[in-house]
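This report concerns only the one structure given below.
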Amino acid sequence: MMDAALVESIIRILFAGVIITAAYIISTRNLLSLVSVYALQSATLVGIALCLYTIEGAVVLLGIALVTFASKVLIIPYFIATIQERIRIKRDIEFHYLNPTTSLFLSMALMLVIYMALSSIMPNVSGKPTLFFFGAVVGLSLVLMGMMVTFSRKRAITKVLGYLTMENGVLLFGMFVTELPFIIEFLIVIDLIILVILTAILTVGIDSTLEEYHNRLHRFYLWEGTEDVP
Amino acid sequence: MILLALGLVTLACIGLIALSKTNRQMNAVSIAHGLIFTIITAAILAAMDIPVGTFLVGNQYFFIDHLAAFEVLIASVIFTLAAVYAGGYVESLLSSGELEKGSQKLFYTLWSLLLLIIVLAFFADNLALFWIFAEMTTIASAMLVAILAARENIDAALKYIFIASTSMLLSFVGYIFLFETSRSALGEGSLNWTVLLAHAPEFPAEMMLASFALVFIGFAAKSGIFPFHTWLPEAHAKAPSAVSAVLSAVLLNVGIYAILRMVALVHRTNAMPAVSTMLVLFGALTIGIAAVSMLPQKNLKKLIAFSSIENMGLMLVGIAVATPVAIFWVLFHVMAHSFTKASLFFSAGILHRQYHSRFSGDAPDEIRDVFSLQPLAAWGILIGGLAIIGLPFSPVFFSKLFILLQVGTVSMEVLFILLVLLFVAAAGLGYFVITAFTRVSQPGDSPLNEPYRTPGGMKIPVVILLVLIIAMGIFLPGGEIVFFSQMVTELGF
Chain F
1 MMDAALVESI
11 IRILFAGVII
21 TAAYIISTRN
31 LLSLVSVYAL
41 QSATLVGIAL
51 CLYTIEGAVV
61 LLGIALVTFA
71 SKVLIIPYFI
81 ATIQERIRIK
91 RDIEFHYLNP
101 TTSLFLSMAL
111 MLVIYMALSS
121 IMPNVSGKPT
131 LFFFGAVVGL
141 SLVLMGMMVT
151 FSRKRAITKV
161 LGYLTMENGV
171 LLFGMFVTEL
181 PFIIEFLIVI
191 DLIILVILTA
201 ILTVGIDSTL
211 EEYHNRLHRF
221 YLWEGTEDVP
Chain R
231 MILLALGLVT
241 LACIGLIALS
251 KTNRQMNAVS
261 IAHGLIFTII
271 TAAILAAMDI
281 PVGTFLVGNQ
291 YFFIDHLAAF
301 EVLIASVIFT
311 LAAVYAGGYV
321 ESLLSSGELE
331 KGSQKLFYTL
341 WSLLLLIIVL
351 AFFADNLALF
361 WIFAEMTTIA
371 SAMLVAILAA
381 RENIDAALKY
391 IFIASTSMLL
401 SFVGYIFLFE
411 TSRSALGEGS
421 LNWTVLLAHA
431 PEFPAEMMLA
441 SFALVFIGFA
451 AKSGIFPFHT
461 WLPEAHAKAP
471 SAVSAVLSAV
481 LLNVGIYAIL
491 RMVALVHRTN
501 AMPAVSTMLV
511 LFGALTIGIA
521 AVSMLPQKNL
531 KKLIAFSSIE
541 NMGLMLVGIA
551 VATPVAIFWV
561 LFHVMAHSFT
571 KASLFFSAGI
581 LHRQYHSRFS
591 GDAPDEIRDV
601 FSLQPLAAWG
611 ILIGGLAIIG
621 LPFSPVFFSK
631 LFILLQVGTV
641 SMEVLFILLV
651 LLFVAAAGLG
661 YFVITAFTRV
671 SQPGDSPLNE
681 PYRTPGGMKI
691 PVVILLVLII
701 AMGIFLPGGE
711 IVFFSQMVTE
721 LGF
């Protein structure tokens, strides 16, 4: 058993990692690294779950870590990367309403607001070790940052990654605030996989003829015929 | 046993669909599926003690109370009628090339799956499980919208998925809040609605308010409440009409159902005044946006979709009042709206086959000579339209009247605003029908599509629903009143 104080500081470092990955997802234009950063973010969550396990010893956390690793570090990123390869886009330079700098400032403001809101409505939770309160704040911020990505980007693939970031936030929030039955977590992951596959199929592959296929990609801003030049 | 039976029936149906070769066979399977579900639900209502507590039902994950059985009954009846209607409709989509031959099996499979998922969602006791099924209904129904493989359809489906799913994630955060609330109040956390309802008075108001607000965002998006309604007109207008009917008459109910269950919990705490204000505000805004959008609307299916938004807003206002009488009539309105809206979409589908633009799904419908070309659909829209506006002798008349009377007991100002907005919405619908249905071909007009020969299978559901609507508007048997009162009592109002 590791020293609890040490584990707590490791978790704090991992929190910072989560925030940095989220900031990267919000601001980057490079689609290929987006997926790797998402995988990294999920791996950080796995790390947090394992650290929590050493403190609390709840078996559910091990299960969560395992399912998260299999689905979000391996399967989903691999799937999205394959699709990106097939549709040959490397950059997403179209930001709908927000440019990266504004988004970053906005997300900082969001975190502050969430911190204040949570400390006012969760007196009983903030009475617990501050680590848990901190986890809830980071989780909820991650949800809202992902939401910002979903609504401010134009390409479907980036929107999907925003959605996945949101889901990571829900997981983090759930891990720190409470323990849900494992079966529920498991079903959510299945739901997520179906959703990702469906969105991908919708945006890419319903049709098999090449001309129609490219037409469709064109319509969804997934492929512009030539590579975008920033 | 019930759940097992439902699952096995669905599996058998999907298997049969995979084996069948013609549209007629697959259609027969999906009609049978709807019928069996209707019979099972009717049997539960007639023969069993509700709330049901047998093997597999009544454990910590599922339960059946009056409200759940009521929603499932509506869903099964609508699915059966829509399946009858889909037979002719899919045939016509196939022959016009809008639906590819290969997608046909997928269509019927998704149809059966969607019915099962919706039923399981209504029977779920555990709120997290309910959330998962509700999320899956989005996936299955979005695929049904996208199945036509036209650009607008995929666009509408993606918009639907992104708006509904992202908002639904927030409502999951809300459920986590609820779980945490119950854990700090009861010692052991629970998301079972029955447990939560029993202990709701012990929960702190601030936590319930936060949890309700988050849950509300997600299910408001599912049921087309402002400002999350933007996906709804697109998806409902672009989907095949049989699917539009299901989306409007059954899927919107899922969102309202979730909000109602949540309000039933909040109702027992001190958070209710704040929640009421919030619901009235969003309800009135929703009705307002729908009414304003209906006025200039040129596309019939979009018009009907906006009318659904308007009715969801009214239900929200009724839930906000939260007196037993108001809840009674909200539930009645759920039923009345479902049947009326399904009949409207069925009629609109026939007109759509006749008049739809060959070039773009977004072009306004050029409706001309409607009474000579499609008399049944024209009368269907006319009677259905009058019924949804709430003319006397329609079921919506009673529910609207009593919900508004209940609103009047709380605030005359809100009542006045609502009356004006509802009048605007009715005017929008009336204006469209009067201008479109009185138009006759002039010499020099562009030629119309060939007269569409409506198959009998598409006419029967319209007739059945119209008869049902008129019957519901005239008769209110004592058994029905007792049934609705039981639902209200079980919800704890």
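So the protein sequences, as listed, match chains F and R.
Our numbering puts the first residue of the first sequence at 1, with every later residue one more than the last.
Our numbering puts the first residue of the second sequence at 231, with every later residue one more than the last.
Beta carbons are placed, not taken as given, at the ideal position from N, Cα and C, and that holds for glycine.
Endpoints, the alpha helix (DSSP H) within which L61(F) is located
Stepping through the first sequence from its first residue, residue 61(F) is reached at position 61. It spans 59–68 - the alpha helix (DSSP H) in which L61(F) sits, taken as one unbroken run.
Going by the CB atoms, is the gap between A354(R) and Y405(R) shorter than 8 angstroms?
Within the second sequence, the letter at position 175 stands for residue 405(R). Within the second sequence, the letter at position 124 stands for residue 354(R). Going by C-beta atoms, Y405(R) is not nearer than 8 angstroms to A354(R).
If we count the other Cβ atoms within 10 Å of its Cβ and call it buried at 16 or more, is Q584(R) buried or exposed?
Taking the second sequence and counting its residues from 1, one reaches residue 584(R) at position 354. By the neighbour-count rule (16 or more Cβ atoms within 10 Å), Q584(R) is buried.
Comparing alpha-carbon positions, which option in I232(R), H263(R), L233(R) lies nearest G245(R)?
Start at 1 with the first residue of the second sequence, and residue 245(R) comes out as number 15. Measuring from the Cα of G245(R), the nearest candidate turns out to be H263(R).
Beta-carbon proximity list for H459(R), same chain, < 6 angstroms, skipping 5 on both sides
Walking along the second sequence from the start, residue 459(R) turns up at place 229. Only residues of its own chain outside the window of five on either side were considered, and among them I539 have a CB closer than 6 angstroms to the CB of H459(R), listed in chain order.
Grouping DSSP H, G and I as helix and E and B as strand, with all else coil, what is R153(F)?
Against the first sequence, residue 153(F) aligns to sequence position 153. Correct three-state label for R153(F): strand.
Name the DSSP beta bridge partners of N529(R), please?
For the purposes of this step, residue 529(R) is taken as residue 299 along the second sequence, with counting starting at 1. Checking the DSSP bridge columns, you'll see N529(R) has no partner listed.
Below-8 angstroms beta-carbon distance, M111(F) vs any chain R residue:
On the first sequence, position 111 is the one that residue 111(F) refers to. Cβ-Cβ to chain R under 8 angstroms: no for M111(F).
Determine which residues share a DSSP beta bridge with N422(R) and list them.
Residue mapping note: residue 422(R) aligns to position 192 of the second sequence, counting from 1. The partner list for N422(R) (beta bridge, DSSP) reads N356(R).
Below-8 angstroms beta-carbon distance, V170(F) vs any chain R residue
Position 170 of the first sequence, counting from 1, holds the residue named residue 170(F). Closer than 8 angstroms: yes.
How should T396(R) be labelled, buried or exposed, when 16 other C-beta atoms within 10 angstroms of its C-beta is the threshold for buried?
For the purposes of this step, residue 396(R) is taken as the residue at position 166 of the second sequence. If you draw a 10 Å sphere on the C-beta of T396(R), you find 16 or more other C-beta atoms in it, and that means buried.
Do we get a CB-CB distance below 8 angstroms when we pair T150(F) with the residues of chain R?
Indexing the first sequence from 1 puts residue 150(F) at position 150. Interface residue, yes.
Note down the Cα distance separating A701(R) from L374(R), rounded to an integer number of angstroms.
Here residue 701(R) refers to the residue found at position 471 when the second sequence is read from its first residue. Here residue 374(R) refers to the residue found at position 144 when the second sequence is read from its first residue. L374(R) has its alpha-carbon roughly 32 angstroms from the corresponding atom of A701(R).
Cα separation between I75(F) and L171(F)?
Within the first sequence, residue 75(F) is the residue found at index 75, counting from 1. Within the first sequence, residue 171(F) is the residue found at index 171, counting from 1. Near 17 angstroms, if we compare the C-alpha coordinates of L171(F) and I75(F).
Any beta carbon from chain F within less than 8 angstroms of A440(R)'s own beta carbon?
In the second sequence, the residue the question calls residue 440(R) occupies position 210. Yes, contact with chain F.
Classify I519(R): buried if its beta carbon has 16 or more other beta carbons within 10 angstroms, exposed otherwise.
The residue labelled residue 519(R) in the question sits at position 289 within the second sequence. I519(R) is buried by the Cβ-count criterion.
Just to confirm the assignment, what range does the alpha helix (DSSP H) spanning E464(R) have?
Numbered from 1 along the second sequence, position 234 holds the residue referred to as residue 464(R). Run containing E464(R): 461–468, per the alpha helix (DSSP H) assignment.
Tell me the start and end of each unbroken alpha helix (DSSP H) in the region 563–649 of chain R that is at least 4 residues and wholly inside, in chain order.
For the region 563–649 of chain R, the continuous alpha helix (DSSP H) assignments of 4+ residues that do not extend past its boundaries occur at 600–603, 605–619, 625–640, in sequence order.
Can you tell me whether F292(R) is helix, strand or coil according to DSSP?
What you label residue 292(R) is simply residue 62 of the second sequence in a count that begins at 1. Note: F292(R) maps to strand in three-state DSSP.
May I ask you to verify whether the region 408–420 of chain R touches the region 435–450 of chain R, counting CB pairs closer than 8 angstroms and requiring at least 3?
At 8 angstroms Cβ cutoff, the stretches touch.
Hey, how far is the Cα of S126(F) from the Cα of L192(F)?
Counting from one through the first sequence, the residue named residue 126(F) turns up at place 126. Counting from one through the first sequence, the residue named residue 192(F) turns up at place 192. Below a pLDDT of 50, predicted positions are generally treated as unreliable, and S126(F), at 46, falls in that range; the measurement from the model is reported next regardless. Going by the C-alpha atoms only, they are around 31 angstroms apart.
What do you get for D385(R), buried or exposed, if any count of 16 or more other CB atoms within 10 angstroms of its CB means buried?
Taking the second sequence and counting its residues from 1, the one referred to as residue 385(R) is at position 155. Burial call: buried.
Can you pull the chain F neighbours of S395(R), defined as C-beta to C-beta under 8 angstroms?
Here residue 395(R) is taken as the residue at index 165 of the second sequence, counted from 1. Neighbours of S395(R) in chain F, taken as residues at a C-beta separation under 8 angstroms, are given in chain order as Y163, L195.
Whose C-alpha, out of N483(R), I711(R), G579(R), M502(R), is nearest the C-alpha of E301(R)?
Along the second sequence, one-based indexing puts residue 301(R) at 71. Residue N483(R) is the option with its Cα nearest to E301(R).
Q672(R) - DSSP class collapsed to helix/strand/coil:
One-based indexing of the second sequence puts residue 672(R) at position 442. In the three-state scheme derived from DSSP, where H, G and I count as helix and E and B as strand, Q672(R) is classed as coil.
For P685(R), three-class secondary structure by DSSP:
As a first step, residue 685(R) must be located in the second sequence, where it is residue number 455. Per DSSP, reduced to three states, the secondary structure at P685(R) is coil, with no helix or strand assignment.
Would you say F309(R) and V320(R) are within 8 angstroms of each other, going by their C-beta atoms?
In the second sequence, counting from the first residue as 1, residue 309(R) sits at position 79. In the second sequence, counting from the first residue as 1, residue 320(R) sits at position 90. No. Outside cutoff.
Just to confirm the assignment, what range does the alpha helix (DSSP H) spanning M256(R) have?
Within the second sequence, residue 256(R) is the residue found at index 26, counting from 1. That run of the alpha helix (DSSP H) goes 253–277.
Extent of the continuous alpha helix (DSSP H) to which P503(R) belongs:
Locating residue 503(R) in the second sequence gives position 273, where the first residue counts as 1. Counting along the chain, the unbroken alpha helix (DSSP H) around P503(R) starts and ends at 502–524.
Neighbour list for F402(R) in chain F, Cβ cutoff strictly below 7 angstroms:
As a working note, residue 402(R) is residue 172 in the second sequence. Taking the beta carbon of F402(R) as reference, the chain F residues within 7 angstroms of it are V170, listed in sequence order.
Within 8 angstroms of chain R by C-beta, residues of the region 2–18 of chain F in sequence order
Look at the region 2–18 of chain F: it has no residue with a C-beta under 8 angstroms from a C-beta of chain R.
Whole-number beta carbon distance between L426(R) and L495(R), since they are thought to touch under 8 angstroms
Taking the first residue of the second sequence as position 1, residue 495(R) is located at position 265. Taking the first residue of the second sequence as position 1, residue 426(R) is located at position 196. About 6 angstroms separates the beta carbon of L495(R) from that of L426(R), a gap short enough to meet the 8 angstroms contact definition.
For the alpha helix (DSSP H) holding A380(R), just list the boundary residues, first then last.
Sequence index remark: in the second sequence, residue 380(R) carries index 150 (1-based). First-last for A380(R): undefined, no H or E at that position.
For D295(R) and I280(R), which I take to be in contact (beta-carbon distance under 8 angstroms), what is that distance rounded to the nearest angstrom?
As a working mapping, residue 295(R) is identified with position 65 in the second sequence. As a working mapping, residue 280(R) is identified with position 50 in the second sequence. Sure, about 6 angstroms apart at Cβ, within 8 angstroms.
Looking at the C-beta of I147(F), does it have a partner C-beta in chain R at a distance below 8 angstroms?
The residue you call residue 147(F) lines up with position 147 of the first sequence. The sequence shown places Met at residue 147(F), rather than the Ile named in the question. Yes - at least one Cβ of chain R is within 8 angstroms of the one on M147(F).
Please state the DSSP three-state secondary structure of E328(R).
What you label residue 328(R) is simply residue 98 of the second sequence in a count that begins at 1. Residue state, collapsed to three classes: coil.
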